[in-house]
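Reading through the structure tokens given below for one structure.
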């Protein structure tokens with residue numbers, strides 16, 4: 317039987333490399349439960365750019381202040397553990413449609429890009445710590461780790 321594929325939101329990827337964070341265990345366990353149910357998790361270039369940004373940003377600017385080498389090690393672990401979903405022309409087309417249809421501006425364009433990657437591939441589920449970020453998108457289901 318073919319395995320299903322959900323998108324991992326960037327906050328999921330960030331929590332998985334922060335073993336001391338209070339949400340680490342619930343995120344790790346949710347990923348494990350999904351895999352046991354035949355559901356793999358994917359990530360996009362957008363996820364990795366956001367991950368790199370948050371990882372290397374100073375603590376004073378709400379980042380993790382990791383070195384480039386630490387961030388690279390964490391990125392490689394994500395690459396080993398999750399399925400990469402490359403950008404395509406259809407992702408761009410979907411993104412353009414979404415930002416106009418839902419009147420999206422500012423930082424929310426990043427979530428629209430993740431939603432576009434899902435629509436372009438016929439994906440319906442995203443594992444996230446912020447389900448409200450995806451609530452506007454028809455046909456997409458945001459699942460929080462505690463729900464898994």
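In our numbering, the protein residues as written are 317 to 464.
Each residue gets a CB set at the ideal place from its N, CA and C atoms; glycine is no exception.
List the residues that DSSP assigns as beta-bridge partners of residue i.
i, result
"residue 323", "358 and 442"
"residue 457", "441"
"residue 400", "359"
Are the Cβ atoms of residue i and residue j separated by less than 9 Å?
i, j, result
"residue 357", "residue 430", "no"
"residue 398", "residue 329", "yes"
"residue 449", "residue 417", "no"
"residue 343", "residue 445", "yes"
"residue 464", "residue 370", "no"
"residue 359", "residue 401", "yes"
"residue 391", "residue 411", "no"
"residue 355", "residue 319", "yes"
Could you pull out every residue in the same chain whose Cβ sits closer than 6 Å to the Cβ of residue i, ignoring the five residues on either side in sequence?
i, result
"residue 406", "436"
"residue 394", "329"
"residue 443", "322, 324, 328 and 459"
Classify residue i as buried or exposed, calling it buried when 16 or more other Cβ atoms lie within 10 Å of its own Cβ.
i, result
"residue 327", "buried"
"residue 376", "exposed"
"residue 388", "exposed"
"residue 363", "buried"
"residue 350", "buried"
"residue 338", "exposed"
"residue 365", "exposed"
With a CB to CB cut of under 8 Å and the five nearest residues on each side skipped, what residues in its chain are close to residue i?
i, result
"residue 373", "379, 380 and 381"
"residue 421", "415"
"residue 361", "402 and 403"
"residue 455", "435 and 440"
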